[in-house]
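Visitor: Please find one structure pasted underneath; my questions will follow.
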Amino acid sequence: MAKGQFEHVLVPVASDTDAESTAEALADHLETDRVTVVHVVEKAGGAPDKAGVEQREEAAAEAFERFEETYGESVETDIVYDTNIADGLLAAAAEVGADALAFTPRGGGWFERLLSGSVTRRLLDETDRPVVVLPGGDQ
1 MAKGQFEHVL VPVASDTDAE STAEALADHL ETDRVTVVHV VEKAGGAPDK
51 AGVEQREEAA AEAFERFEET YGESVETDIV YDTNIADGLL AAAAEVGADA
101 LAFTPRGGGW FERLLSGSVT RRLLDETDRP VVVLPGGDQ
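Counting from 1, one number per residue, gives the positions in the sequence shown under the UniProt record's numbering.
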């Protein structure tokens, strides 16, 4: 199977294990000149956050490191702070001028997705650029 090709791809990662599986899938299925890896820290919007900012920034750094190790090339990284993950990703893609968003699906059962809404669904419905759902992930 031929690989798809984009000039600049924005790739969200949620954890170090997610970063590893996403990097493997990206390397196997897409050719790109530039990759920006993004970790979204979901802010509570006035309520106490689930974890401290420093702890979340450390988790993002670990995910970025694992992505680069697995992908085998240097990538740009960014931490985005938003009250909504999909909104943060869409804004980041616009800000860096990404041609496409590429990710592996995240876990969560149908009931969880029903209650919280689906980030994947929002990305597919609300984006102004191609979205590549890579095989793999924990679905």
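Each residue gets a CB set at the ideal place from its N, CA and C atoms; glycine is no exception. Just so it is clear, the structure is predicted and the values come from calculations on it, not from any experiment.
Using a 10 Å radius around the Cβ and a threshold of 16 neighbouring Cβ atoms, would you call glutamate 77 buried or exposed?
Guide: Note that residue 77 is threonine in the sequence shown, not glutamate. Label assigned to threonine 77: buried.
Visitor: For the stretch 55-68 and the stretch 95-107, state whether three or more C-beta atom pairs, one from each stretch, are separated by less than 8 angstroms.
Guide: Touching, no.
Visitor: Suppose you measure from the CA of alanine 25 to the CA of glycine 136; what does that come to, to the nearest Å?
Guide: The straight-line gap from Cα to Cα measures roughly 7 angstroms.
Visitor: Quick one: is aspartate 28 buried, meaning 16 or more other Cβ sit within 10 Å of its Cβ, or exposed?
Guide: Exposed.
Visitor: Answer with buried or exposed for threonine 17, where buried requires no fewer than 16 other C-beta atoms within 10 angstroms of its C-beta.
Guide: Exposed, by the Cβ-count rule.
Visitor: Given this structure, state the Cα-to-Cα distance separating isoleucine 79 from serine 21, to the nearest angstrom.
Guide: Their Cα atoms are separated by approximately 19 angstroms.
Visitor: Take valine 131 and list the residues in its own chain whose beta-carbon comes closer than 6 angstroms to its own, dropping the five residues that flank it on each side.
Guide: Cβ within range, chain order: Leu101, Leu123 and Leu124.
Visitor: Nearest-angstrom Cα distance between residue 140 and glutamate 95?
Guide: The structure shown does not extend to residue 140, since the chain spans only 1 to 139, so no value can be given for it.
Visitor: Need the endpoints of the alpha helix (DSSP H) that arginine 66 sits in, please.
Guide: Its alpha helix (DSSP H) spans residues 53-71.
Visitor: So, using beta-carbon positions, are valine 11 and valine 41 closer together than 8 angstroms?
Guide: Contact flag unset, no.
Visitor: Are the Cβ atoms of alanine 91 and histidine 8 separated by less than 8 angstroms?
Guide: Contact flag unset, no.
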